[in-house]
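Trainee:
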Amino acid sequence: LPGTVANEIVCSDDDLLCDGTDVGVLRDSYAQLAVTQGQFYIIRVANYGGTPAQDFQLHLDLQPAPWGDLGMALAGTNGLPMLSGSGTLDGGTLATLNLTHGLPDGSTYLVLGVAALQAPFKGGTLVPSPDVILAGLPLDDQGALEITFPWPVGLPVCTALYWQAWIPDQGGPVGFAASNGLSSTQP
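Numbered by the numbering used here, the letters in the sequence shown go through residues 106 to 292 in order.
1) Is DSSP giving residue 182 helix, strand or coil here?
2) Cα-Cα, which of 203, 184 and 197 is closest to residue 191?
3) From the DSSP output, which residues share a beta bridge with residue 255?
4) Secondary structure at residue 173, three-state DSSP: helix, strand or coil?
5) Helix, strand or coil for residue 225, going by three-state DSSP, please let me know.
6) Helix, strand or coil for residue 234? Go by DSSP, reduced to three states.
7) Thinking residue 217 and residue 237 are a contact (beta carbons under 8 Å), I'd like their distance in whole angstroms, please.
8) Evaluate residue 219 with the Cβ neighbour count: other Cβ atoms within 10 Å of its Cβ, from every protein chain shown; 16 or more gives buried, anything less gives exposed.
9) Considering Cα atoms alone, identify which of 174, 196 and 279 is closest to residue 260.
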């Protein structure tokens, strides 16, 4: 079960029923885990005093993380620029974009798209479709930028947006450096 706690199951070599997806032994508690349906799991905890084991249910929230690093950074003077996001992405709450390792005292273009383009561009990869471009955003003396803004209300659940910063930088292969691509997914 990729991306779930079930990946943390450790099976003993002599456990023929354990294939890593349905039954296994938790590393620290030695509790058997059986996946039922959806987000519910039955955990059977072994009692070492000889009394019968007891079952209880554990609800795991398997929602995807709201922010995802898509890679594809292009190095410049200050190394690989890094774009990260924070915030829950619940409508009306604050979200923050952080750019680090840009050109000190430079500027950046912030590209926002409704799709992942993944196209060759300026010696690197333009990750988002260029639907919105904010130009001339100033970087500080460390090559960083922080933008905090209210997340829009009313975006449909699972709406994905794609972000990337492009920095004019003679230290880049074609006069530009680029951050990693970043995705944000509406919960």
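Each residue gets a CB set at the ideal place from its N, CA and C atoms; glycine is no exception.
Mentor: To lay it out plainly:
1) Coil.
2) Among 203, 184 and 197, the Cα nearest to that of residue 191 is on 203.
3) DSSP output for residue 255 lists 199 as bridge partner(s).
4) strand
5) strand
6) coil
7) 4 Å
8) exposed
9) 196
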